[in-house]
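To start, the structure itself, in structure tokens.
Protein chains: 2
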Amino acid sequence: MSQSLAAYLRDKANLVEQHLLPALEREEVPVQLYESMTYSLMAGGKRLRPILVLATLESLDVPIERGIPYAVALEMIHTYSLIHDDLPAMDDDDLRRGKPTNHKVFGEATAILAGDALLTRAFGSIAEAYLNHPEVKPENVLRMIAELGRRCGAAGMVGGQIADMEGEGRQLQLEELEYIHRHKTADLLMAALRGAAYLAEAPPHMLDALTRYGLCIGLAFQIQDDILDVEGDTALLGKTAGSDQSRQKATYPALIGMEASKAKLNQLIYEAKQALTAVGLGDSILAPLADFIIQRRH
Amino acid sequence: MSQSLAAYLRDKANLVEQHLLPALEREEVPVQLYESMTYSLMAGGKRLRPILVLATLESLDVPIERGIPYAVALEMIHTYSLIHDDLPAMDDDDLRRGKPTNHKVFGEATAILAGDALLTRAFGSIAEAYLNHPEVKPENVLRMIAELGRRCGAAGMVGGQIADMEGEGRQLQLEELEYIHRHKTADLLMAALRGAAYLAEAPPHMLDALTRYGLCIGLAFQIQDDILDVEGDTALLGKTAGSDQSRQKATYPALIGMEASKAKLNQLIYEAKQALTAVGLGDSILAPLADFIIQRRH
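Those sequence lines, one after another, are chains C and A.
My numbering puts the first residue of the first sequence at 139, with every later residue one more than the last.
My numbering puts the first residue of the second sequence at 139, with every later residue one more than the last.
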């Protein structure tokens, strides 16, 4: 990864992190619940979804500050999904980002409720933050909320998680694996890009290109995750390497082999950048961000 | 309960129930997830929150059809909260509305995700339904979403559930019990009333009165729940009577005695109706709805 991209990612992650806690409610919130929510929200991570919001606005020549409430809401949703996915009834993970998972620290009941509260706050905080915003039309905020609802709901991220669990321990078709990757990961990335496009009042052809870009990097991200689970390092990953295999999870390397998986990954990144070039965003920060997907080691 | 109120409740519940399934997504939703969501959403119940939305609009001389998407979203949120509250890690209930609880039928993982998907869909469906609505300003929809987020999040319903669990097995102060009742139950009723008021573009004094009414009937509802757990009938309740006592849950009757609980209940209903009378809604359908709270047997 180039020095400048690394600096960009660090800067933007820092900016987002400054806005996470202030976006939560505090008054009337039971202490244990607040601590459980902030434990996971502030546990680090790449902050990729928020960064995509800011990078999209920057690419469209819109002040990135406008995207912060939406960026923060996406990170709340991503965090809730990790908390719930780690639960004993789901993936039963003890370690996340190198720290004990939420339910290991706060207990299952609190972890479930902390996830519920983060999901709820994500939607509420978008509505609050953009109500009476001088630059953002309220109908575009409704479009963002509708988009987010679809991308992280039953036909999106939640559907992907169900399909992922149903697929454990049995041989999947490539089509099924793509359904999982698309919904479990790509949908929320697409929501980041499309939501930012609404904030920027981008025209339809731009929205389409960003959607295509989001789908490609989302699928690539998940294939890279599969590859890292085989080739990666537990210490760097912050979670147990080899866990997919040990729980007989369908992955790209398992299904089509490591070489074909890497070729697919490169093809997707190429397509993502093609989508940008077609609408004049080939030189924007979104292009090196796509490369980052395949360069990352955790 | 009067014949006419019974008919009103039945009619409105039927109307709401016709709109529940059409408000869910179907395409791209895994079958098992869809079945789990609809199992609980269509399991009956009083549909009190949706009815409050429609009754408020009727009282304010606004066509009730305008409230249906919001009413349906509230029922989704109420249903998600029941699914999650019933989980083994939480209240560990086997029976709900006379049927096996969601996780007993679909397993814990699916139950958690079905709740997540219903909560997500609630927010998304509001945004979708009211986007480009001819009678509803988009900024009022954002106010509704912000309100709903606060009332059902960490400082609202989720906070109430955490406090309820934390309080199990120990002696609570009346203040703690009121926190639980207010947030676990009254908040969502207040969201129903206030959301309907935004849809009707009601003036601030009307909004205040409806909030007061909602708080009073919400607290009354929960006290009546406590009373029914002692005096009620398992068959009618659709859940196990006496379960509060057996799990050493703090209740009004346990804390201040049965007689004082009933006096408090009557006082709250009186106050609720006073709030209506003060803004000229004393003869509206909301008045007998308050009485219904103390007359109900399940």
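Heads up, the beta-carbon is just placed ideally off N, CA and C, and yes, glycines get one too.
Predicted model only: the values in this text are computed from it and were never measured.
| Check | Outcome |
| --- | --- |
| Just reading off the alpha helix (DSSP H) that His216(C) is part of, what are its end residues? | Ile206 to Asp224 |
| So for Pro342(C), helix, strand or coil by DSSP? | helix |
| Would DSSP call Arg185(C) helix, strand or coil? | coil |
| Could one say the Cβ of Pro272(C) lies closer than 8 Å to chain A's Cβ atoms, at least one of them? | no |
| Report the three-state DSSP secondary structure of Arg148(A) (helix, strand or coil). | helix |
| DSSP state of Lys400(C), grouped into three classes? | helix |
| Can Ile202(C) and Leu212(C) be called in contact, C-beta distance under 8 Å? | no |
| Excluding the 5 residues flanking Ala267(A) on each side, which residues of the same chain have their C-beta closer than 6 Å to its C-beta? | Pro207 |
| Thr349(C) and Leu366(C) - do their beta-carbons sit closer together than 8 Å? | no |
| Would you list the one or two residues that DSSP bridges to Leu233(A)? | Pro238(A) |
| What is the C-beta distance between Ala398(A) and Leu315(A), in whole angstroms, given that I count them as a contact (C-beta under 8 Å)? | That belief does not hold up - the Cβ atoms of Ala398(A) and Leu315(A) are roughly 13 Å apart, past 8 Å. |
| Ignore the nearest five residues each way along the sequence and tell me which others in Arg187(A)'s own chain have a CB closer than 7 Å to its CB. | Leu212, Glu213, His216, Leu326, Leu327 and Ala330 |
| Check the Cβ-Cβ distances between Asp276(A) and every residue of chain C, and say whether any is below 8 Å. | First, the amino acid is wrong: residue 276(A) is Pro here, not Asp. At least one chain C Cβ lies under 8 Å of Pro276(A). |
| May I have the straight-line CA-CA distance separating Leu143(C) from Ala151(C), to the nearest angstrom? | 12 Å |
| Any beta carbon from chain A within less than 8 Å of Ile365(C)'s own beta carbon? | no |
| State the DSSP-derived secondary structure class of Val154(A), mapped to helix, strand or coil. | helix |
| On a CA-only basis, which of Gln309(C), Glu155(C) and Asp149(C) is nearest Gln386(C)? Give me that one, please. | Gln309(C) |
| Determine the extent of the alpha helix (DSSP H) in which Val296(C) is found, giving its start and end residues. | Met295 to Gly305 |
| Does the stretch 232–251 of chain A come close enough to the stretch 257–267 of chain C to have 3 or more Cβ pairs within less than 8 Å? | no |
| Helix, strand or coil for Glu273(C), going by three-state DSSP, please let me know. | coil |
| By the criterion of Cβ-Cβ separation under 7 Å, what are the contact partners of Asp254(A) in chain C? | His222, Leu257 and Val296 |
| Does the beta carbon of Ile283(C) come closer than 8 Å to any beta carbon on chain A? | yes |
| Just checking: is the beta-carbon of Tyr208(A) within a distance shorter than 8 Å of some beta-carbon in chain C? | no |
| So what's Ala227(A) in DSSP terms, helix, strand or just coil? | coil |
| Give me the subset of the stretch 325–339 of chain A whose CB atoms are less than 9 Å from a CB atom of chain C, sorted by chain position. | none |
| Following the continuous alpha helix (DSSP H) through Arg308(A), name the residue where it begins and the one where it ends. | From DSSP, Arg308(A) is part of no alpha helix (DSSP H); its letter is neither H nor E. |
| CB Leu190(C) to CB Tyr218(C), shorter than 8 Å? | no |
| Look at the alpha carbon of Ala401(A) and the alpha carbon of Ile394(A), and state the distance between them as a whole number of angstroms. | 11 Å |
| Is the number of C-beta pairs between the stretch 275–294 of chain C and the stretch 154–170 of chain A that are closer than 8 Å three or more? | yes |
| Along chain C, which residues have their Cβ under 7 Å away from the Cβ of Glu166(A)? | Ala293 and Gly297 |
| Rounded to the nearest angstrom, what separates Ala334(A) and Glu277(A) at their Cα positions? | 14 Å |
| Please decide whether Pro268(C) counts as near chain A, where near means a Cβ-Cβ distance under 8 Å. | The amino acid occupying residue 268(C) in the given sequence is Tyr; Pro does not appear at that position. Interface residue, yes. |
| Comparing the C-beta of Ala301(A) with each C-beta of chain D, is any distance below 8 Å? | Of the protein chains in the structure, C and A, none is chain D. |
| Can you tell me the Cα-Cα spacing of Asp149(A) and Leu345(C), whole angstroms? | 44 Å |
| Roughly how many whole angstroms lie between the Cα atoms of Gly183(C) and Gln362(C)? | 16 Å |
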